[in-house]
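Trainee: In the working numbering, the protein residues as written are 1 to 453.
Glycine included, every Cβ here is placed at the ideal spot set by N, Cα and C.
Source: prediction; values computed, not measured.
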Amino acid sequence: MFWKNELRAGTRFVLRENPLARRLLADLRANEALSAPALQEFSLRHLQRSMRHAIAHVPAYAHIDPAFPLEHTLAVLQQQFPIIDKLALLQQRAQFYPRGGARRPWEAVGKTSGTTGTPLSVWRSARSVLMENAFLHRHWAWSGYRHGMTRASLRGDMVVPLARRNPPYWFWNRYDRQLMLSSRHLTEACADAMIDALEQHAPVLLQAYPSTAYALAGFLARRGRFLRIPYVYTASEPLYPHQRALILERLGGSVMDMYGMAERVAFATECEFGAMHINPDYSHVEIVDEHGQPTSGYGSVVGTTFHNLAQPLLRYRLSDQTRWKPGHCPCGRHFPMIEGVTGKLEDSISGGDGTPVSPSVLTFAFKGVENILKSQVAQVAPGRWEIRLVPAPAFCDADSQRLVQNVHELVDASVHIEVVLKQELPNTAAGKFRWVVNEMRPASSAAPGGSAN
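#1: In chain order, what residues of the same chain lie with their CB nearer than 6 Å to the CB of R165, ignoring the 5 residues before and after it?
#2: Buried or exposed: which applies to D27, given that a residue is buried once 16 or more other Cβ atoms fall within 10 Å of its Cβ?
#3: Let me make sure I understand the geometry here. Which of L248, G110, V204 and A94 has the alpha-carbon closest to that of W140?
#4: Quick one: give me the first and last residue of the beta strand (DSSP E) that G303 is part of.
#5: Closest to A134 by CA distance: which of C329, L403, Y282 and A365 is it?
#6: Counting along the chain, where does the beta strand (DSSP E) carrying K111 start and finish?
#7: What is the residue span of the beta strand (DSSP E) that W435 lies within?
#8: Determine the closest residue to R124 out of E263, L181 and V255, with distance taken between C-alpha atoms.
#9: Output yes or no for whether 9 Å exceeds the beta carbon distance between L129 and A102.
#10: Going by DSSP, what residues sit across from P280 in a beta bridge?
#11: Suppose contacts are defined by Cβ-Cβ distances below 9 Å. Is E339 in contact with R315 by that definition?
#12: Enumerate in chain order the residues of its own chain whose CB-to-CB distance from R16 is below 7 Å, with the five nearest sequence positions on each side excluded.
#13: Evaluate the contact criterion for the region 260-278 versus the region 290-310: three or more CB pairs, one atom per stretch, below 8 Å.
#14: Do three or more CB pairs link the region 180-200 to the region 213-223 at distances below 8 Å?
#15: Is the beta carbon of P330 sitting closer than 9 Å to the one on M337?
#16: If you draw a straight line from the C-alpha of E237 to the C-alpha of S358, how long is it?
#17: Assign V420 to one of two classes, buried (16 or more other C-beta atoms within 10 Å of its C-beta) or exposed (fewer than that).
#18: What does DSSP give as the partner residue(s) for V407 in the beta ladder?
#19: Inspect the beta-carbon positions of M276 and E270 and report whether they are closer than 9 Å.
#20: State the start and end residues of the unbroken alpha helix (DSSP H) segment that holds H416.
#21: Just the C-alpha distance for A413 and V407, rounded to the nearest angstrom, thanks.
#22: Enumerate, from N- to C-terminal direction, the unbroken beta strand (DSSP E) stretches of 3 or more residues contained entirely within the region 337-397.
#23: Please list, in chain order, all residues of the same chain as F68 whose beta carbon is under 6 Å from its beta carbon, the five residues on each side excluded.
#24: Since L181 is in the beta strand (DSSP E), which residue starts that stretch and which ends it?
#25: Could you check how far apart the C-beta atoms of H291 and S43 are, in whole angstroms? I think they sit under 8 Å.
#26: With a threshold of 6 Å on Cβ separation, who are the neighbours of L239 within its own chain once the five nearest residues in sequence on each side are excluded?
#27: Can you list, in chain order, the residues of its chain whose CB lies under 6 Å from that of R317, leaving out five sequence neighbours each side?
#28: Helix, strand or coil, according to DSSP, for R16 in the structure here?
#29: Would you list the residues sitting across from I287 in a DSSP beta bridge?
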C-alpha cells in the first residue's frame with residue numbers, strides 16, 4: 001500500500017502543482033477583488049461559452065440557435081434550456097452526453113453515487129481538474145494557508161488496508177506535506193495513535209467530513225484531550241451546529257465549510273466571517289421552486305457548468321435546497337451569499353463492531369457499480385445492513401456481488417449485508433429521499449423485562 005500511496009501522491013503533485021496550476025490560482029485570487037458588475041460580466045461570458053459549447057456537442061441542445069448576443073444569455077438559458085436532473089442523464093444518456101456517452105481516452109471520469117444513492121459517471125477535462133484544485137486552494141487561502149504549510153486529511157481516502165490493526169493508520173505525503181489519515185480506522189482502538197500523529201505533525205489545516213471531524217472531536221472529549229489545528233475545512237456532508245461546536249472546542253480556532261459535488265455545477269465556500277458564498281466564477285447557480293421558477297425562498301439548487309466542457313451540464317438540478325441570503329458580507333467579496341444547504345437526509349448507521357460509518361465513506365462502495373437506478377442503505381439490526389436497489393434492466397448477480405465486496409473492502413469488513421431488489425424506493429412525506437436510514441428499534445422499545453442500557 002505504501003508504494004501505491006507514494007506513486008499516487010507524486011503523480012498528483014506533478015499534475016496539480018505546476019506553473020499552469022499556480023497561474024489559474026492567481027487568476028482566481030484576482031477575481032476576489034472584482035466589482036459586482038465585473039463579476040456579472042465574467043459570469044455571463046463563461047455562461048454563454050458553456051451554452052454554445054453544449055449546443056455544438058450535446059444532442060439535446062442541437063436545435064437551439066447559438067447566435068445570441070451576450071445580453072440575451074440569461075433569457076435564452078431560461079427559455080430554451082430545460083432543467084434536467086441525474087435521472088435524465090441516466091435514462092437519456094445519448095441525448096445529454098457528448099458523443100452519445102463515449103468518453104475520450106484523455107478525459108477523466110468522475111464517479112459518484114451521491115447521497116441520492118444513484119451511481120453516475122461524469123467526464124472531466126484535464127483543465128477542469130486543475131480548475132477544481134485551484135478553487136479549492138483559493139478557499140484554503142482565505143484562512144491564510146499557503147502551499148508548503150503542513151495539512152492533514154481525514155476523509156474517504158483508502159490510506160492503509162482495512163484489516164490493519166497496528167499503527168500507522170496514516171500516510172505522510174512528503175510532496176504536499178500532507179498527513180493522510182484513514183477515517184476507517186477512527187475507532188476506540190486506533191484513536192489514540194491517530195491523535196498522537198496529528199499532535200506530532202501539527203497541521204495548520206485539516207480537511208475532513210463533518211462526521212469524521214466530529215467523531216475525532218468526540219474521541220478527544222472522552223479522553224480529556226485537545227488538538228490545536230487553526231482551521232478545519234469540512235465538506236461533502238451537512239455540517240450541523242452541534243458538530244461545529246464540538247469541533248471548535250476540541251480541534252481548533254475556526255471551521256470553514258464548503259459545498260460542492262461531483263457534477264461540478266455549484267461551489268460555495270464559507271468565508272472568514274462565517275458567510276457561505278456561491279463562487280460566481282465557478283458556475284451559474286439558480287435557486288428554483290417546485291415549478292422550476294426563481295424563488296427568494298427555499299428552493300432547489302440548479303447549476304450550469306463553466307469549466308468542464310468535456311461534459312457541459314446545463315441547468316442541472318441537485319437534491320439540495322437553500323435560499324439566497326441578502327446583504328453584503330464584511331469580507332468584502334462580491335460573491336452572492338446563501339443560507340446553509342439542506343436536503344441530504346442521512347441517519348447514523350454503524351458497522352459490524354458498532355463504530356459509526358460516515359455516509360460519505362459509504363458512497364465509495366457504489367462508485368463503479370453499474371446498472372443501479374436508485375439505492376438505499378438501511379441498518380436493520382446491530383451489524384446488519386440491507387442495501388435496497390431499484391435495478392436497471394441489465395442488473396445481474398455480478399453487480400450485487402461487486403457491491404457487497406466493495407463494502408467489505410472499502411467501508412467495513414465485518415458488517416453483514418443483504419442486497420434486496422425493489423421496484424421502487426419511496427420518498428418521505430416531505431418529498432425528500434433518505435439514502436441512509438437506521439431502522440433498529442430504540443432501546444426504550446425493548447420487551448418488558450429486557451435491559452434498556
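Mentor: Quick look at the numbers:
#1: none
#2: exposed
#3: V204
#4: G299 to T305
#5: Y282
#6: A108 to T112
#7: Run containing W435: none; DSSP gives neither H nor E here.
#8: E263
#9: A quick correction: the sequence has Val, not Leu, at residue 129. Their beta carbons are not under 9 Å apart, which means V129 does not touch A102 by this criterion.
#10: Looking at the DSSP assignment, P280 forms no beta bridge with any residue, so it has no partner.
#11: no
#12: L130 and N133
#13: yes
#14: yes
#15: no
#16: 9 Å
#17: exposed
#18: Answer is none; V407 lacks a bridge partner.
#19: yes
#20: Premise fails: H416 lies in the beta strand (DSSP E), H416 to L421, not in any alpha helix (DSSP H).
#21: 7 Å
#22: 372-381 and 384-391
#23: V76
#24: Q178 to L181
#25: About 24 Å; that fails the 8 Å criterion.
#26: P210 and D257
#27: I83, D85, S300 and V302
#28: helix
#29: V301
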